[in-house]
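Undergrad:
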Amino acid sequence: MFSLRGRLLASYALLLGFTLAVMTLALLLFLYAQPPNPAATYEKLASIARELTGELNIANPSAEGRPLARALVSSLLSQLNTFAADNDVRILVVNVPNRTVLFDSTGTLRRGDSIPLNQQTYALPLYLRRVFPVQAEPIFGSFRDVNGVWIFTGLIVVRQDTERSALLLAEPQPVQSWETVLARFRDNLALPLLQAVGLGLVVAALLAALISRNIARPLQRLGRAVAAVAAGDYTERVSASGPQEVRAVAEAFNQMADQVHITQQAQQDFLANVSHDLKTPLTSIQGYSQAIMDGTAKDSKLAAGIIYDEAARLNRMVVELTDLARLQAGRLSMQAQPVDLGALAVAVGQRLAVVAQKKGVTLHIEAPPMPEIAGDGDRLAQVLTNLLSNAVNYTPSGGQVWLKTQVNHGGVEVIVQDTGIGIPPEDLPRIFERFYQVDKTRGPKRGTGLGLAITQEIVAAHGGRIQVSSPGAGQGATFTVWLPSPQLSTVVRGRRQLTRKDANDS
Ligand code: ADP
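Going from the sequence shown to the working numbering is simple: count from 1 and add 75.
#1: Drop a sphere of 10 angstroms on the beta-carbon of Pro-561, count the other beta-carbons inside from all chains shown, and report buried for 16 or more, exposed for fewer.
#2: Look at the alpha carbon of Gln-425 and the alpha carbon of Asp-308, and state the distance between them as a whole number of angstroms.
#3: Compare the beta carbon distance of Gly-317 and Arg-299 with 9 Å and say whether it is the shorter of the two.
#4: Should Tyr-383 be counted as a contact of the ligand ADP given a C-beta to heavy atom distance under 8 Å?
#5: For Phe-554, is the beta carbon positioned less than 8 Å from some heavy atom of the ligand ZN?
#6: Between the beta-carbon of Val-476 and the beta-carbon of Asp-493, is there less than 9 Å?
#7: Using 9 Å as the threshold, is the C-beta distance between Val-423 and Leu-459 below it?
#8: Could you give the first and the last residue of the continuous beta strand (DSSP E) run that contains Ser-180?
#9: Identify which residue in Ile-214, Arg-296, Ser-153 and Phe-105 has its Cα closest to the Cα of Ser-252.
#10: Please classify Tyr-363 as buried or exposed, where buried requires at least 16 other C-beta atoms within 10 Å of its C-beta.
#11: What's the gap between the Cα of Arg-312 and the Cα of Gln-295?
#12: Mind checking who Trp-557 pairs with in its DSSP beta bridge?
#13: Suppose the cutoff is 7 Å on Cβ atoms and the five residues either side in sequence are ignored; what does the same chain contact list for Ile-506 look like?
#14: What separation, rounded to the nearest whole angstrom, lies between the Cα atoms of Ala-552 and Asn-329?
#15: Would you list the residues sitting across from Phe-77 in a DSSP beta bridge?
#16: Taking Glu-501 as part of the alpha helix (DSSP H), name the residues at either end of that continuous run.
#17: Decide yes or no for the touch test of the region 412 to 419 against the region 443 to 460: beta carbon pairs closer than 8 Å, at least 3 of them.
#18: In three-state terms, what does DSSP make of Ile-360?
#19: Sort Thr-128, Ala-114, Gly-405 and Asp-344 by Cα distance to Gly-216 and report the nearest one.
#20: By a C-beta neighbour count over all protein chains shown, 10 Å radius and 16 as the cutoff for buried, is Asp-161 buried or exposed?
#21: Going by beta carbon distance, what residues of the same chain come within less than 6 Å of Tyr-197, once the five residues before and after it are set aside?
#22: Any idea what DSSP makes of Ala-88, helix, strand or coil?
#23: Pick helix, strand or coil for Asn-193, following the three-state DSSP scheme.
#24: Express the C-alpha separation of Leu-276 and Leu-91 in angstroms, rounding to a whole number.
#25: Locate the beta strand (DSSP E) running through Asn-112, then write down its first and last residues.
#26: Across the region 254 to 262 and the region 159 to 178, are there enough close Cβ pairs to call them in contact, namely three or more that are closer than 8 Å?
#27: Using the beta-carbon count (16 or more within 10 Å), is Lys-262 buried or exposed?
#28: Grab me the residues of Val-206's own chain with a C-beta within less than 8 Å of its C-beta, minus the 5 sequence neighbours each way, in chain order.
#29: Return the residue from the list Asp-163, Ile-190 and Ala-535 that minimises the CA-CA distance to Pro-172.
#30: What residue range does the alpha helix (DSSP H) around Gly-417 cover?
#31: Helix or strand or just coil, what does DSSP make of Phe-158?
#32: Ends of the alpha helix (DSSP H) at Gln-403?
#33: Spell out the partners DSSP gives Lys-479 in its beta bridges.
#34: Could you tell me the alpha carbon to alpha carbon distance between Thr-480 and Ile-440, rounded to whole angstroms?
#35: Could you tell me whether the Cβ atoms of Ala-245 and Leu-230 are closer together than 9 Å?
#36: Any idea what DSSP makes of Ile-367, helix, strand or coil?
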């Protein structure tokens, strides 16, 4: 529904919003924990002090010519008390150098009590400063007594005197309220924070555009390539670009496309081969039966024999194709009985010895009893029969064929070697393909080209492998089948006893 870019931007904005919220909360808590700004109190008290000095005329020392301390006669004190009560303010007179109290309108501190003045520098706004007498030096700060913290504005009214007395006007420190905190936040921090968020959003939009371009572009290309393959263009490939994960997808796609292409090709070849290989015997059957019907066949018995042979070949092909299809689909059930490959080789060898002898090929069987393997005796016999009959078939009269069994690499090996027509190196890799025949005219009797494909499938179903080697045309060929033996694997590995079930599963 949303593009990658939109999603990225939304998540960045969410993150920004969350960060902003956390920061705002932290700042508000911080401001709340701070003592409130005393400036407003200083100024309020300064304007009250202005009235007081106006009323009492004590701020100008030259008028009276004596220090404030000595001016604290009872008439002045009662005036101060009245003023304090009228203006709801605390008035103190203190000796600044000694930090001792001379007078306190609340009576909390007595004359001579020490007062811990915590002085602060503060510049009064001009309009307030101007109205004070020039000699009167304003001081600001706070002090603590039993009733809490007090904020004061004071005037040092006698300076030439060593006493340096000061008239202080004080108010309790205002309690921190959320309203003032919010106002301070709004006035001082809200704007810079909003500016930062604005900048963050711009950067987020740029980043989202960049990243989405980096990811979305290769994915779009991939999408087009997938659509092309789906439409039947198996040559389509994508270049791997973008982040590593996207590149991995592109590479996987290319591999898949390769595989699909190969499979497609194999499918087409297979169909072409099947129809070609079915057509040849069918044509001869048609031709010879036509000749028999027309009476044009010179030797109708020979013609019938050919028809019989071709029909048999067709039959064989159909059986083999069905076998192969089932094997490849993994649907052909394989038994897992204990099989002695040595004994099996001897049995197969004896069966084909007659054929070999007729052909003038010497068959050597060197197959001592072997450790048992878990397998399907009938299918393994089919493997040995295929290999041995090929060897006999493709070896001219006077040649030799060996059938050997041996123990190797934790398994049992069957080797079928001949001195026959051999296989050219370029044909070796394709020899196990369905319908592959090196040269259809070479063999003395036409085969189907399916035998080795079936052989390979059966060996693979047993967890084994088959290999072929040939020095070249006319120099014989060697087929080696290796099959794992549970007995040997316990000896070799010495750890895990492979059971019948394991062999079944593999
Ligand atoms: P078929 O023998 O029915 O043609 P196979 O699948 O058994 O089919 O063999 C495929 C091809 O491999 C044969 O047509 C033949 O060209 C070649 N081939 C198989 N075994 C041998 C061998 N022992 N010597 C030479 N060529 C062989």
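Note that the Cβ used here is the ideal one computed from N, Cα and C, for glycine as well.
TA: To lay it out plainly:
#1: buried
#2: 53 Å
#3: no
#4: no
#5: Only the ligand ADP can be found as ligands here, which leaves the ligand ZN out of the picture.
#6: yes
#7: yes
#8: Careful: Ser-180 lies outside any beta strand (DSSP E) and carries neither H nor E.
#9: Phe-105
#10: buried
#11: 13 Å
#12: Glu-488 and Arg-540
#13: Ile-498, Leu-527 and Val-543
#14: 37 Å
#15: According to DSSP, which records beta bridges pairwise, Phe-77 is partnered with nothing at all.
#16: Glu-501 -> no alpha helix (DSSP H), and no H or E assigned at all.
#17: yes
#18: helix
#19: Ala-114
#20: exposed
#21: Tyr-117 and Phe-215
#22: helix
#23: strand
#24: 8 Å
#25: Element bounds for Asn-112: n/a, residue is neither H nor E.
#26: no
#27: Before going further, note that residue 262 is Asp rather than Lys in the sequence given. When all chains shown are included, Asp-262 counts as exposed.
#28: Arg-125
#29: Ile-190
#30: 416 to 434
#31: helix
#32: 375 to 404
#33: Glu-441 and Ile-490
#34: 9 Å
#35: no
#36: helix
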